Every structure is written in C-alpha cells, then in structure tokens.
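> Heads up, my numbering is the position in the sequence shown plus 3, with the first residue counted as 1.
We put the CB at the ideal spot given by N, CA and C, even for glycine.
Everything numeric in this text was worked out from a predicted model, so none of it was measured.
After the structure tokens below, expect a handful of questions from me.
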Amino acid sequence: MAILTKKELTNSEKVQQAIAQVDTSLGMFEKMNTDLDEANSVLEQVITEDTALIAEIQKNIALAQNELKENKALQTKIKPFIKAKGETN
C-alpha cells in the first residue's frame, strides 16, 4: 500500500490559490454591500412612513387638545346658567 504525501504547491499554484481566495473574499464583500443596501432601503422606508405617522399623530393631538380646551371653556360658561336654571325649578 502506498502512502500518499501532500504535494507541495508551486509558487504559481500558490499565487493562483491566493487570487482565488481574494476573489472569494471580494464576492462576500460585494454581497454584504448589496445586503446592506437592501436593509438600508427598508429602514429608510420605515423612517419615512413612521415620520409621516408621527406628524399625523401630532396633528391629531393638537386638534384634540384645542377641542378639549374649547369644550372646557364652554362648560365653564354654561355652568352658571345650569345652576341658575336648577334653582328656579
């Protein structure tokens, strides 16, 4: 039975192997960059949508606060009338 020994690579083979490793690494970086672009696009869309939602919520809060203020002012004005009306009955 023959014992197999690992053949030493030639310098040319070593260079080709190194080039292949670099190409593989560059491919992984390109994929990572593409994946990051896709993730960034999703995040930007979320930010845009949620920013619009916040603006709508803030608008609704301001409207509700103004309406509440007006309602309370009106209640203050009509309380004496209600009280006086109750005293006459």
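Note down the Cα distance separating GLY89 from THR51, rounded to an integer number of angstroms.
Reading the sequence shown from its first residue, position 86 is the one you call residue 89. Reading the sequence shown from its first residue, position 48 is the one you call residue 51. Going from the Cα of GLY89 to the Cα of THR51 covers about 55 Å.
> Determine, using beta carbons only, whether LEU12 and GLN24 come nearer to each other than 8 Å.
Here residue 12 corresponds to residue number 9 of the sequence shown, with the count starting at 1. Here residue 24 corresponds to residue number 21 of the sequence shown, with the count starting at 1. Not closer than 8 Å, so no.
> Look up LEU39 in the DSSP assignment and say whether it is helix, strand or coil.
In the sequence shown, the residue the question calls residue 39 occupies position 36. Here LEU39 sits in helix by DSSP.
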